[in-house]
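The sequence shown: position 293 = 293 (the UniProt record's numbering), numbered continuously.
Think of the CB as a built atom: it goes at the ideal place given N, C-alpha and C, for glycine as much as any other residue.
Quick notes on the structure that follows.
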Amino acid sequence: MVIGLEKWISDGGGMVSSKIKVKKFLGKGHGVVAIEDIKPGERLILVRNAQLINMRNVYPYFLNFFSGDSTQLSDGISILNTISAQGIMALFLLMEQTSKSKSPWANFLSVLPTPEDLQTTPLTWERCETQEPSNSSQANFKARKNNSNGGSNSDGDSNSDSDSEVEATILHDAQWRLLSYSTRQYVLKQEKNVTGDFKGCESLIKLLNSLAPTTTDLSMITSAQYKHAWLCVNSRCLYHTLSAASSLKTRAFNWKASDNLTMAPYVDFLNHSTDTKLHCVAKTVTLGFEVCASPVSGYKKGEEILLCYGAHSNEKLLCEYGFCVDDNPWETVDITNEIVSGYIMNKSETDFSKEINVLLNKYDYYDGYTINNHGLSFRTEVAIMAYLLYSKRNAIATRDPERSLNAFMNGLATLSDLKVHMKQILREILVNVEQEIKDLISNNSLRDSNVVKRLAVGKLTVVRNVLIQLNEDQ
1 MVIGLEKWIS DGGGMVSSKI KVKKFLGKGH GVVAIEDIKP GERLILVRNA
51 QLINMRNVYP YFLNFFSGDS TQLSDGISIL NTISAQGIMA LFLLMEQTSK
101 SKSPWANFLS VLPTPEDLQT TPLTWERCET QEPSNSSQAN FKARKNNSNG
151 GSNSDGDSNS DSDSEVEATI LHDAQWRLLS YSTRQYVLKQ EKNVTGDFKG
201 CESLIKLLNS LAPTTTDLSM ITSAQYKHAW LCVNSRCLYH TLSAASSLKT
251 RAFNWKASDN LTMAPYVDFL NHSTDTKLHC VAKTVTLGFE VCASPVSGYK
301 KGEEILLCYG AHSNEKLLCE YGFCVDDNPW ETVDITNEIV SGYIMNKSET
351 DFSKEINVLL NKYDYYDGYT INNHGLSFRT EVAIMAYLLY SKRNAIATRD
401 PERSLNAFMN GLATLSDLKV HMKQILREIL VNVEQEIKDL ISNNSLRDSN
451 VVKRLAVGKL TVVRNVLIQL NEDQ
């Protein structure tokens, strides 16, 4: 399949260096390795614009269905503008995969991830409906499965496929319950996006079905298929500035910066590295999308060629791509829930919690409170300072909370007299978070290689580093 993909890219005017090869790594999936020594800066991959999947070619693909009727065109554009670029690209993949005639993208479609390839991505984890302990969850889920399958056969033999599905679901449900609040919120937001995109796609499919028959049986596209296609785009797309954005605007497309996504065949085999200096460089060029060896160093035969996906925390890497990396320099810990529920919206302090809530929302500082190996983010400082300015208002009666916070946000005041209180609050939060993470890591039901445990280990390092800094500042 990969050989067919390489030929397809070459036939389209692109290239894949003869010095590289796709290889299957044990427990890691596919990657790209050097089969010969490679010089610094040497071109490795070029995919021409016509073979990239992005809004520059996908948007016109859908508009072509409405070319004969201005009213239908207007309706089609209106529906397309309700779907994200990622969502439209996902529908494009499905329509090409289920086409009754051979798709020109067949060589690329054949190497897209399977559901098994994406099973470490939390969005794919089926969750038990009940919130009872795991044993009850398992019993309830098995009961639902037996009912849906008509129960056991007369000989008492169990359905092995059903049992394996139950076991997978129980494992996924257990993992889901062990994810931190912030990670679960991240996944639930993804779920909301998928649902919203699919709703828009259903409207588009209904409109397409009302037209002349297409080469695709659109009625066969299910929500499960769509979710998988959405994840294929999500886990394989790259940022790519689309030079044709201006021409799309003339067609009434509601263009956004987030629409600058592309799927680049073969490039998506490259695995992630946190070393931005020593690994390959991917960039937009006039002809399309190009990958070159690092200008600092080339590769020796047998070395894996890696690409930096961006300065992503392990939480983002897990939710978007399904993996974590050890010693991630961009690791963060989200403590939004601890700050909001424990301080900003604390039920025992409702006399000023509403004021803090309104103030932080007014200046767009509500939510997104994180720490990293270097300390706390400025958003986190602002949130805690807002709490302190209101909670200690009686002690500092001459200070106007909003005015003081505004000065702090704009670098005109340090509020140094409140810093000791801020550090104390942060210390209290992190001591509790540290214990929660330690309890998770010691959970015997998870293997050390489990992505949830690896995510927790990275977070624990960050929490301990910040606690050390806080103790040193005392």
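Nearest candidate by alpha-carbon position, reference residue i, set the options
| i | options | result |
| --- | --- | --- |
| S294 | I441, G302 and A282 | A282 |
| residue 486 | L415, I344, S182 and L231 | An answer regarding residue 486 cannot be provided, because it is not within the stretch 1 to 474 covered by the chain. |
| E36 | L80, E436, G298 and V457 | G298 |
| E191 | W230, S203 and D173 | W230 |
| I441 | I429, T461, L430 and M409 | T461 |
| G377 | R403, G41, V333 and N271 | It is Ser, not Gly, that sits at residue 377 in the sequence shown. Residue V333 is the option with its Cα nearest to S377. |
| residue 479 | P40, L5, K438 and V16 | The requested residue 479 is not part of the displayed model; the chain covers only 1 to 474. |
| L430 | T370, S404, Q97 and L405 | T370 |
| D473 | W125, G375 and N346 | G375 |
| T276 | I3, I305, T120 and S18 | I305 |
| S203 | R177, H240, T241 and Q72 | Q72 |
| M409 | L360, K438 and N444 | L360 |
| L426 | Q97, S223, K24 and I384 | I384 |
| E331 | S341, V382 and H312 | H312 |
| L270 | V22, S17 and K7 | V22 |
| I53 | S70, F65 and E96 | E96 |
| H30 | H272, E290 and Q175 | H272 |
| residue 475 | L188, S341 and G76 | It is not possible to answer for residue 475, since the shown part of the chain is limited to 1 through 474. |
Local Cβ density within 10 Å of residue i, reported as buried at 16 or more and exposed below that
| i | result |
| --- | --- |
| S84 | buried |
| V267 | buried |
| H228 | buried |
| M1 | exposed |
| K459 | buried |
| G151 | Reliability of the predicted coordinates at G151 is poor, the pLDDT of 41 falling under 50, and the value obtained from them is presented with this limitation in mind. When all chains shown are included, G151 counts as exposed. |
| G14 | buried |
| D364 | exposed |
| I404 | A small fix is needed here, since residue 404 is Ser in this sequence, not Ile. Per the 10 Å Cβ criterion, buried. |
| P265 | buried |
| I3 | exposed |
| Q51 | buried |
| Q435 | exposed |
| P329 | exposed |
| A34 | buried |
| L242 | buried |
| N314 | buried |
| G27 | exposed |
For residue j and residue i, the rounded distance between their alpha carbons
| i | j | result |
| --- | --- | --- |
| residue 517 | I20 | In the structure displayed, the chain extends from 1 to 474; residue 517 sits before or after that span and is not available. |
| G368 | Q185 | 11 Å |
| residue 481 | Y321 | Because the chain is modelled from 1 through 474, residue 481 falls outside the range shown and cannot be assessed. |
| N372 | L208 | 48 Å |
| M263 | C237 | 5 Å |
| S235 | G310 | 13 Å |
| L118 | G411 | 45 Å |
| D400 | A407 | 11 Å |
| V433 | V463 | 8 Å |
| C232 | T284 | 21 Å |
| G196 | S210 | 22 Å |
| L63 | D327 | 46 Å |
| C324 | V32 | 19 Å |
| L307 | I205 | 36 Å |
| I9 | R48 | 8 Å |
| E303 | C292 | 15 Å |
| L46 | L287 | 8 Å |
| G68 | S74 | 11 Å |
| C201 | N107 | 25 Å |
| S110 | R447 | 32 Å |
| V428 | T124 | In the sequence as displayed, the identity of residue 428 is Glu instead of Val. In a straight line, the C-alpha of E428 is about 35 Å away from that of T124. |
| L80 | R177 | 36 Å |
| F141 | A174 | Residue confidence is low: F141 scores 30 on pLDDT, short of 50, so the model does not pin down where it sits. Its coordinate-derived value is still stated next. For F141 and A174, the distance between alpha carbons rounds to 13 Å. |
| A257 | F289 | 18 Å |
| F65 | G76 | 9 Å |
Cβ-heavy atom distance, residue i to the ligand MN, below 8 Å
| i | result |
| --- | --- |
| N406 | Of ligands this structure carries none, so the ligand MN is not represented either. |
Closer than 9 Å to chain C by CB, residue i
| i | result |
| --- | --- |
| H374 | The structure shown contains no chain C; it holds only a single protein chain. |
Sufficient close CB pairs (3 or more, under 8 Å) joining the segment 178-188 to the segment 330-338: yes
Runs of alpha helix (DSSP H) wholly within the segment 12-47 (minimum 4 residues, chain order): none
Stretch-stretch touch, CB-based, cutoff 8 Å, three pairs: the segment 56-65 with the segment 82-99: yes
The segment 448-458 in contact with the segment 311-321 per 3-pair CB rule at 8 Å: yes
The segment 420-429 contacting the segment 380-390, beta-carbon criterion three pairs below 8 Å: yes
Validate contact between the segment 69-84 and the segment 109-124 using beta carbons, cut 8 Å, 3 pairs: no
4-residue-minimum alpha helix (DSSP H) runs that sit fully inside the segment 330-382, ordered along the chain: 336-339 and 350-362
Residue ranges of each alpha helix (DSSP H) within the segment 50-96, 4 or longer: 55-63 and 70-80
Within the segment 257-318, ranges of the alpha helix (DSSP H) (whole runs, at least 4 residues): none
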